[in-house]
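Chemist: Can you read through this structure? Questions will come right after.
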Amino acid sequence: METEPSFDYSQLQKESRKGGVLESASKRVRMIFSVMASPNRIDILRILNTKGPLTYSELKALAGFKSKKESGKFAYHLRKLLRQLLVALNKAERRYTITNLGKLVLSLARQIEERSIIESGKMYVRTGRQTIEEFNSHKIIQSLVREANLPLEQAHKITEEVENKIYKFQTAYLTSSLIRETVNSVLIEHGHEEYRNKLARLGLPPSDISEMLASEDATRSGAAGVMARTAGSVFSEYLIFNTLPKDIADMHLAGEIHIAQPGTWGLLPDTLFVDLSDMEGGSLDLAGRHPTVARLASIKTADDMLAALPVLIALLSREASTEVVLEGVAPALARAKDADDLAAKFARALASSSASAAAGAGQQPLATLVVPGDAMDAKQLNALLDGYRRYVDATPVPRAGLAITTGGKLLKDSLDHITAAVRSGGIITIGSINSSAARSSSGIRKAAGAKNSSSSSVMSLQALSINLPRLAYESNRDETYFRAKLALAIKPSLAAMAMRKKAVMENARRGLLPAFSVATQSMQHATSSIVINLTGARESVFSILGYDEANSGAEVMQKVLKTAVEVAAAQGKQLGEDSCGVAMIADDSGARFAALDSEKYGKVSLLQSQNTASYSQGMTLNGKELDKKQLVAECSAIDRILNGGLAAALDVTDLGAGEARSAIEASAAELAFFRPRAKLAVCATCGKKYKISADRCESCKSPHRLMLATA
1 METEPSFDYS
11 QLQKESRKGG
21 VLESASKRVR
31 MIFSVMASPN
41 RIDILRILNT
51 KGPLTYSELK
61 ALAGFKSKKE
71 SGKFAYHLRK
81 LLRQLLVALN
91 KAERRYTITN
101 LGKLVLSLAR
111 QIEERSIIES
121 GKMYVRTGRQ
131 TIEEFNSHKI
141 IQSLVREANL
151 PLEQAHKITE
161 EVENKIYKFQ
171 TAYLTSSLIR
181 ETVNSVLIEH
191 GHEEYRNKLA
201 RLGLPPSDIS
211 EMLASEDATR
221 SGAAGVMART
231 AGSVFSEYLI
241 FNTLPKDIAD
251 MHLAGEIHIA
261 QPGTWGLLPD
271 TLFVDLSDME
281 GGSLDLAGRH
291 PTVARLASIK
301 TADDMLAALP
311 VLIALLSREA
321 STEVVLEGVA
331 PALARAKDAD
341 DLAAKFARAL
351 ASSSASAAAG
361 AGQQPLATLV
371 VPGDAMDAKQ
381 LNALLDGYRR
391 YVDATPVPRA
401 GLAITTGGKL
411 LKDSLDHITA
421 AVRSGGIITI
431 GSINSSAARS
441 SSGIRKAAGA
451 KNSSSSSVMS
461 LQALSINLPR
471 LAYESNRDET
481 YFRAKLALAI
491 KPSLAAMAMR
501 KKAVMENARR
511 GLLPAFSVAT
521 QSMQHATSSI
531 VINLTGARES
541 VFSILGYDEA
551 NSGAEVMQKV
561 LKTAVEVAAA
571 QGKQLGEDSC
581 GVAMIADDSG
591 ARFAALDSEK
601 YGKVSLLQSQ
611 NTASYSQGMT
621 LNGKELDKKQ
631 LVAECSAIDR
641 ILNGGLAAAL
651 DVTDLGAGEA
661 RSAIEASAAE
671 LAFFRPRAKL
681 AVCATCGKKY
691 KISADRCESC
701 KSPHRLMLAT
711 A
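Using the UniProt record's numbering, you'd call the opening residue of the sequence shown number 1 and step up by one each time.
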């Protein structure tokens, strides 16, 4: 290691005192200006001003004097700075710092530099790479040709006009964004909107960022959430104005269709189905493809699974925008011998999973663990449910759920535990033991468009919804015309989803989904499905088209849905997609469509009658009205038709424990899949849950709500 040269600091101090007392002020100034004459010495001052106290070796390296031959040159410059008291040495720590006089000299040097730029008439650009470069019009020509594909001759003409405008600006420094804005304004003036869209800078204005930082959402989600929302805004703009075909973008902006999760549209799938039992050797080896995790050991025991769950959920949650469904969890957990110990460890594992996943992103997707009833006995299943309830009780807004497939006596033995978890705000779905494939908590089928999945791991893309009430409004109450318009809307929607699938798969091949790729052994072993979501089906048929239960309403509804499924299958074949489905699930399209339609057609009367500001999505059965057999039969029939999935919910919010238990048992006997749900409010002060009908928190009496646990 290079040793620091020995300076006679006492002699330097004597000379400095002599200079301060005996030399004239003008000579002192000349000496300081002589120090400023060297770019190397100015660089040393800048480094110390930016980095703070540095050792001799650190300062030498940062200043660019890296070879031994340059040691004498660096020592000479440092001695000059020390003599003029622009730099000081802390002898105890052997570190150099810039003095107040050094900071003053550095500021003066900066002002002289800026003034010289103005006097010279040259223009300099502060670039996005955090550098200052002299303005060069040839770079504008290169951007116009390379980024916007503008013909070279036109690029020269546009650049000449831009250059004339720039030289009229009264500013010492330009910025990359200002130049780009000027270029885009000239392109618009000449009618080149398409070229302008390719060059437009994506981002947020400062006021939006300030508002975002001051919002309640920022307080809840922290810095990671703010950064995720900012990135999502940029990618949303990129999707709407640069990626989607113009007709699809226009349909979305007009409210004919809705694209959910636009910030991750071309980056991530919406739902991942991963079967852990298919991992080679029972382990997950990322082989350097993830910066912080190298390998998860073989999962053989219950403790192995409980230790691996937080890591698996955290990794896979970064690779899906909506939900991760994990199969193959139950066999390992069924090996646990102590039920009480299993419940406690399962609660801790889920809590760790939520914390780990939340640390990596702003909007955490749901993690659903599939628990087949035939994989464990009632005692073990009840232990898992008890552990899950502990996790839910301790978590204001849980982001982990259970998908239980069971039936018969096993279901009855666990009904009390299921009911308790649901009433606490847990996310639990119940499926028939004879179900052909797993489903997500939202109701999405693992293999859309097929009865059985040919792959154990599937990625589903479903974030596109069609506004059925809008089509019904425009069909003049003609059911045949309505179905024809629906068919026309499905075709471009599926084309957009097929385009999205190619983008996601290409990004996956590039390594953007490393955990999913390793869990499936390779992307070649995974399949993908695309699903079109239908929003507002009940309003369309029963309110706008004018049908009711006594007037073939249920039959018309099923006819509409069958048309959608048939058209999607036929269009999918034309696009070369084997797995295309139609679903009715919940997303954020219902409220947006209702708001846009209210503006377009006036206040929507059908929403007023329901005291809601959103169109219906999926089907919700009221636990108090299960005696209406036609609603249960209709739900079951629709579930059989929709090959993409159905969000079938059983509302037990207003039921007591016994009533909720009976409602869940009755629904399980009739429905192949459903989610019992209790709508609860979350206190923004203490985090406790309470009945949504209450005006304030039952624990701390605070009137402030964080959010509703209804997802």
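All C-beta atoms in this analysis are idealised placements derived from N, C-alpha and C, irrespective of residue type, glycine included.
Which of helix, strand or coil does DSSP assign to L646?
Modeler: Within the sequence shown, residue 646 is the residue found at index 646, counting from 1. L646: strand per DSSP, three-state reduction.
Chemist: Three or more beta-carbon pairs under 8 Å between the segment 673 to 682 and the segment 646 to 665, yes or no?
Modeler: Taking 8 Å as the limit for Cβ pairs, the verdict is that the segment 646 to 665 does touch the segment 673 to 682.
Chemist: Taking only the alpha-carbon atoms, compute the straight-line gap between L144 and E161 and give it to the nearest angstrom.
Modeler: In the sequence shown, residue 144 corresponds to position 144, counting from 1. In the sequence shown, residue 161 corresponds to position 161, counting from 1. L144 and E161: Cα-Cα distance of roughly 13 Å.
Chemist: Given G443, which residues of its chain have a CB within under 6 Å of its CB, disregarding the five upstream and five downstream residues?
Modeler: Position 443 of the sequence shown, counted from the start, is the residue given in the question as residue 443. Once the five neighbours on either side are set aside, the close Cβ partners of G443 are I585, G645, L646, A647.
Chemist: Let me know the beta strand (DSSP E) ranges lying completely inside the UniProt domain "ATP-cone" (121 to 211), each 3 residues or longer, listed in chain order.
Modeler: Taking only runs of at least 3 residues, the beta strand (DSSP E) segments lying wholly in the UniProt domain "ATP-cone" (121 to 211) are 124 to 126, 132 to 134, 173 to 175.
Chemist: Mark T55 as exposed unless 16 or more other C-beta atoms lie within 10 angstroms of its C-beta, in which case mark it buried.
Modeler: The residue given as residue 55 occupies position 55 in the sequence shown. By the 10 Å Cβ count, T55 comes out exposed.
Chemist: Quick one: Cα of S702 to Cα of C686, how far?
Modeler: Working through the sequence shown from its first residue, we reach residue 702 at position 702. Working through the sequence shown from its first residue, we reach residue 686 at position 686. Roughly 8 Å separates the two Cα atoms.
Chemist: Looking at C-alpha atoms only, which residue of R661, K27, K501, F273 is the closest neighbour of R423?
Modeler: Your numbering for residue 423 matches position 423 in the sequence shown. Ranking R661, K27, K501, F273 by Cα distance to R423 puts R661 first.
Chemist: Tell me which residues share the same chain as A347 and place their Cβ nearer than 6 Å to its Cβ, disregarding the 5 neighbours each side in the sequence.
Modeler: Counting from one through the sequence shown, the residue named residue 347 turns up at place 347. Only G387, R390, Y391 meet the Cβ criterion.
Chemist: In whole angstroms, what is the alpha-carbon distance linking L152 and V125?
Modeler: Reading the sequence shown from its first residue, position 152 is the one you call residue 152. Reading the sequence shown from its first residue, position 125 is the one you call residue 125. For L152 and V125, the distance between alpha carbons rounds to 24 Å.
Chemist: Which value, in whole angstroms, describes the spacing of the CA atoms of Y547 and V556?
Modeler: Your numbering for residue 547 matches position 547 in the sequence shown. Your numbering for residue 556 matches position 556 in the sequence shown. Taking the straight line joining both Cα atoms gives about 8 Å.
Chemist: Relative to the C-alpha of I32, which candidate in K246, V105, I98 has its C-alpha closest?
Modeler: Locating residue 32 in the sequence shown gives position 32, where the first residue counts as 1. Nearest of K246, V105, I98 to I32, Cα basis: V105.
Chemist: Leaving out the 5 sequence neighbours to the left and right, which residues in its chain are closer than 7 Å to A155 when beta-carbon positions are compared?
Modeler: Locating residue 155 in the sequence shown gives position 155, where the first residue counts as 1. Cβ within range, chain order: I141, L144, V145.
Chemist: So, P469 versus I532, is the Cβ gap smaller than 8 Å?
Modeler: Residue mapping note: residue 469 aligns to position 469 of the sequence shown, counting from 1. Residue mapping note: residue 532 aligns to position 532 of the sequence shown, counting from 1. Going by C-beta atoms, P469 is not nearer than 8 Å to I532.
Chemist: Out of A254, G266, S233, G232, which one is the CA nearest neighbour of T243?
Modeler: As a working mapping, residue 243 is identified with position 243 in the sequence shown. Checked all of A254, G266, S233, G232; the closest Cα to T243 is G266.
Chemist: Are the CB atoms of T368 and S441 within a distance shorter than 8 Å?
Modeler: In the sequence shown, counting from the first residue as 1, residue 441 sits at position 441. In the sequence shown, counting from the first residue as 1, residue 368 sits at position 368. Yes. Within cutoff.
Chemist: State yes or no: is the C-beta of A672 within less than 8 Å of the C-beta of R705?
Modeler: In the sequence shown, residue 672 corresponds to position 672, counting from 1. In the sequence shown, residue 705 corresponds to position 705, counting from 1. No; because the gap between Cβ atoms is not below 8 Å, this pair is not in contact.
Chemist: Tell me, to the nearest whole angstrom, how far the beta carbon of L486 is from that of A570; I am working on the premise that it is less than 8 Å.
Modeler: Counted from its first residue, the sequence shown places residue 486 at position 486. Counted from its first residue, the sequence shown places residue 570 at position 570. The Cβ separation is near 13 Å, so there is no contact.
Chemist: Here's the rule: buried if 16 or more other CB atoms are within 10 angstroms of the residue's CB, otherwise exposed. What is C580?
Modeler: Along the sequence shown, read from residue 1 onward, the residue named residue 580 stands at position 580. Its Cβ being crowded by 16 or more others within 10 Å, C580 is buried.
Chemist: Suppose you measure from the CA of P398 to the CA of S354; what does that come to, to the nearest Å?
Modeler: One-based indexing of the sequence shown puts residue 398 at position 398. One-based indexing of the sequence shown puts residue 354 at position 354. Their backbone Cα atoms lie some 8 Å apart in a straight line.
Chemist: Under 8 Å between the Cβ atoms of L642 and L631?
Modeler: Here residue 642 corresponds to residue number 642 of the sequence shown, with the count starting at 1. Here residue 631 corresponds to residue number 631 of the sequence shown, with the count starting at 1. No; because the gap between Cβ atoms is not below 8 Å, this pair is not in contact.
Chemist: Please report the residue range of the alpha helix (DSSP H) in which Y391 lies.
Modeler: For the purposes of this step, residue 391 is identified with residue 391 of the sequence shown, where counting begins at 1. Per DSSP, Y391 belongs to the alpha helix (DSSP H) from 378 to 394.
Chemist: Whose C-beta lies closer than 7 Å to the C-beta of L204 among residues of the same chain, with five residues either side of it excluded?
Modeler: By 1-based counting over the sequence shown, the position of residue 204 is 204. Excluding positions up to five away in sequence, the list reads T230, S233.
Chemist: Just list the residues that DSSP pairs S460 with in beta bridges.
Modeler: For the purposes of this step, residue 460 is identified with residue 460 of the sequence shown, where counting begins at 1. Beta-bridge pairing links S460 to T271, S529.
Chemist: Which term fits G425, buried or exposed, when burial requires 16 or more other beta carbons within 10 angstroms of its beta carbon?
Modeler: Here residue 425 is taken as the residue at index 425 of the sequence shown, counted from 1. With 16 or more other Cβ atoms within 10 Å, it is buried.
Chemist: Below 8 Å on the Cβ atoms is my guess for A330 versus A378; work out the distance and round it to an integer in Å.
Modeler: Counting from 1 along the sequence shown, the entry for residue 330 is found at position 330. Counting from 1 along the sequence shown, the entry for residue 378 is found at position 378. Actually they do not touch by this definition, with Cβ atoms about 13 Å apart.
Chemist: Using beta-carbon positions only, say whether Q380 and L415 come within less than 8 Å of one another.
Modeler: One-based indexing of the sequence shown puts residue 380 at position 380. One-based indexing of the sequence shown puts residue 415 at position 415. It is not a contact, given that the beta carbons lie outside the stated cut-off.
Chemist: Taking the alpha carbon of V458 as the point to measure from, which residue in S529, T395, G328 has its own alpha carbon closest?
Modeler: Along the sequence shown, read from residue 1 onward, the residue named residue 458 stands at position 458. Checked all of S529, T395, G328; the closest Cα to V458 is S529.
Chemist: Taking DSSP as the reference, what is the three-state secondary structure of T419?
Modeler: On the sequence shown, residue 419 is found 419 positions in, with the first residue counted as 1. Three-state result, T419: helix.
Chemist: Does the beta-carbon distance from G102 to L86 come in below 8 Å?
Modeler: Here residue 102 refers to the residue found at position 102 of the sequence shown. Here residue 86 refers to the residue found at position 86 of the sequence shown. Going by C-beta atoms, G102 is nearer than 8 Å to L86.
Chemist: Report the residue from R83, A63, L45 whose alpha carbon sits nearest the alpha carbon of R28.
Modeler: If you number the sequence shown from 1, residue 28 lands on position 28. For R28, the nearest C-alpha among the options comes from R83.
Chemist: Does the Cβ-Cβ distance between Y481 and G536 come in under 8 Å?
Modeler: Counting from one through the sequence shown, the residue named residue 481 turns up at place 481. Counting from one through the sequence shown, the residue named residue 536 turns up at place 536. Taking 8 Å as the Cβ cut-off, Y481 and G536 do not qualify as a contacting pair.
Chemist: Smallest Cα separation from L312: which of S352, A339, S207, P492?
Modeler: Residue 312 sits at position 312 when you count from the first residue of the sequence shown. Considering only alpha carbons, the answer is S352.
Chemist: Helix, strand or coil for I42? Go by DSSP, reduced to three states.
Modeler: Here the question's residue 42 lines up with position 42 in the sequence shown. Here I42 sits in helix by DSSP.
Chemist: Here's the rule: buried if 16 or more other CB atoms are within 10 angstroms of the residue's CB, otherwise exposed. What is P39?
Modeler: Indexing the sequence shown from 1 puts residue 39 at position 39. Exposed, because fewer than 16 other Cβ atoms sit within 10 Å of the Cβ of P39.
Chemist: Answer with buried or exposed for Q111, where buried requires no fewer than 16 other C-beta atoms within 10 angstroms of its C-beta.
Modeler: Counting from one through the sequence shown, the residue named residue 111 turns up at place 111. Exposed, since its Cβ has fewer than 16 Cβ neighbours within 10 Å.
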